[in-house]
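Top line first, the protein sequences correspond to chains L and V.
Going by the numbering used here, the first residue of the first sequence is number 222, and it counts up by one from there.
Going by the numbering used here, the first residue of the second sequence is number 222, and it counts up by one from there.
There are 2 protein chains.
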Amino acid sequence: MKTYSISEAAKELNLTVYTLRYYDKEGLMPFVERTPSGTRLFKESDIGALKIIQCLKSTGMPIKDIKHFIDWCSDGDPTLQQRYDMFMERKASVEAQMEELKKTMEVIEHKCRYYKTALDAGTEDIYKSDKVGSFIAD
Amino acid sequence: MKTYSISEAAKELNLTVYTLRYYDKEGLMPFVERTPSGTRLFKESDIGALKIIQCLKSTGMPIKDIKHFIDWCSDGDPTLQQRYDMFMERKASVEAQMEELKKTMEVIEHKCRYYKTALDAGTEDIYKSDKVGSFIAD
DNA sequence: TTAATCCTTATAGTTAACTCTAGGTCAAGT
DNA sequence: ACTTGACCTAGAGTTAACTATAAGGATTAA
């Protein structure tokens with residue numbers, strides 16, 4: 222079975238070795254085994270687990286909370302409900318983030334149009350009525 | 222014309238007064254005027270500008286970069302191109318984030334199904350073939 | 001006029017998530 | 001045997017974005 226050194230794992234996951242060791246120190250990778258001399262040996266499934274960790278991170282989950290999940294995984298079946306609840310909550314959070322991002326996108330697109338028009342006109346003054354001051358809010 | 226005190230502005234924007242003063246210190250609100258005694262007076266348009274700042278923040282833009290944008294706004298028409306480019310770049314970034322979030326969502330939904338099934342079965346062992354170890358990657 | 005409740009600045013502290021350094025171990029190649 | 005390079009730990013340093021404190025000034029209501 223193929224294994225990865227920490228630098229190979231880092232490359233595979235687009236992380237630095239510092240980050241991986243930091244995650245280990247934070248208890249995110251209790252499953253990674255060591256050689257007799259202490260060198261970490263990443264299995265294929267460890268890489269997969271770290272991808273799940275990255276997925277959770279990308280939902281905005283802090284490392285401390287991810288550690289809870291990892292602990293629950295070690296505890297086995299008695300924590301199935303917690304883990305299910307956690308992923309359902311993550312789902313809701315990601316849905317909310319998508320909504321938020323959609324609204325953000327609308328504002329950004331409005332601004333793109335705004336500046337396109339101003340650029341064509343050569344000036345922002347086309348938006349001026351009588352007020353003086355910044356146009357940031359327009 | 223209605224104005225807001227810093228605490229009113231904070232309430233309106235769902236920020237703390239600390240955060241607003243911090244933004245001011247970082248040069249994000251050069252447009253906010255003061256009373257003769259130094260108290261900040263937020264105009265309606267200032268609230269609007271801060272909403273744009275919040276929008277940029279929600280795209281993941283760091284405060285230093287937002288400050289550049291604010292500076293460009295003060296510089297007027299000569300920076301129209303930069304500002305247009307910036308918003309186009311933000312647009313691309315938000316699009317990428319949406320894509321990323323979609324992929325994240327797929328993994329999360331897979332996990333929801335996984336744990337629903339395990340929960341119904343009462344154990345995670347249904348996913349075991351012959352390997353021993355964590356199921357995190359499954 | 002005095003107390004409360006704002007506001008101000010300057011500066012220090014906090015938190016999360018890295019990021020790096022120092023000093024040491026270990027295995028492979030010359 | 002020795003050097004090289006990748007690994008290790010412990011712990012210090014960094015960065016962004018707040019968050020809070022201290023000391024004091026201004027405005028309002030009784």
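Glycine included, every Cβ here is placed at the ideal spot set by N, Cα and C.
Min CB distance residue i to chain V below 8 Å
{"i": "L/D298", "result": "yes"}
{"i": "L/E320", "result": "no"}
{"i": "L/I347", "result": "no"}
{"i": "L/Y336", "result": "yes"}
For residue i, the three-state DSSP class (helix, strand or coil)
{"i": "V/F290", "result": "helix"}
{"i": "V/L271", "result": "helix"}
{"i": "L/F252", "result": "coil"}
{"i": "V/T325", "result": "helix"}
{"i": "L/L301", "result": "helix"}
{"i": "L/T338", "result": "helix"}
{"i": "V/F308", "result": "helix"}
{"i": "L/L236", "result": "coil"}
{"i": "L/K332", "result": "helix"}
Contact belief for residue i with residue j at Cβ below 8 Å, rounded distance in angstroms
{"i": "V/A339", "j": "V/E345", "result": "5 Å"}
{"i": "L/T280", "j": "V/T325", "result": "6 Å"}
{"i": "L/I284", "j": "L/L241", "result": "Not quite, the Cβ-Cβ distance comes to about 13 Å (not below 8 Å), so this is no contact."}
Nearest-angstrom Cα separation, counted from residue j out to residue i
{"i": "L/N235", "j": "L/Q275", "result": "10 Å"}
{"i": "V/K288", "j": "V/Y243", "result": "12 Å"}
{"i": "L/V238", "j": "L/A231", "result": "6 Å"}
{"i": "V/K337", "j": "V/S226", "result": "51 Å"}
{"i": "L/D306", "j": "L/D341", "result": "52 Å"}
{"i": "V/F356", "j": "L/A313", "result": "23 Å"}
{"i": "V/E247", "j": "L/I291", "result": "39 Å"}
{"i": "L/V328", "j": "V/D286", "result": "18 Å"}
{"i": "V/F308", "j": "L/E316", "result": "24 Å"}
{"i": "V/D298", "j": "L/I347", "result": "11 Å"}
{"i": "L/T256", "j": "L/K332", "result": "56 Å"}
Closer than 8 Å to chain L by CB, residue i
{"i": "V/I284", "result": "no"}
{"i": "V/K305", "result": "Reading off the sequence shown, one finds Tyr at residue 305 of chain V, where the question assumed Lys. Closer than 8 Å: yes."}
{"i": "V/F308", "result": "yes"}
{"i": "V/A270", "result": "yes"}
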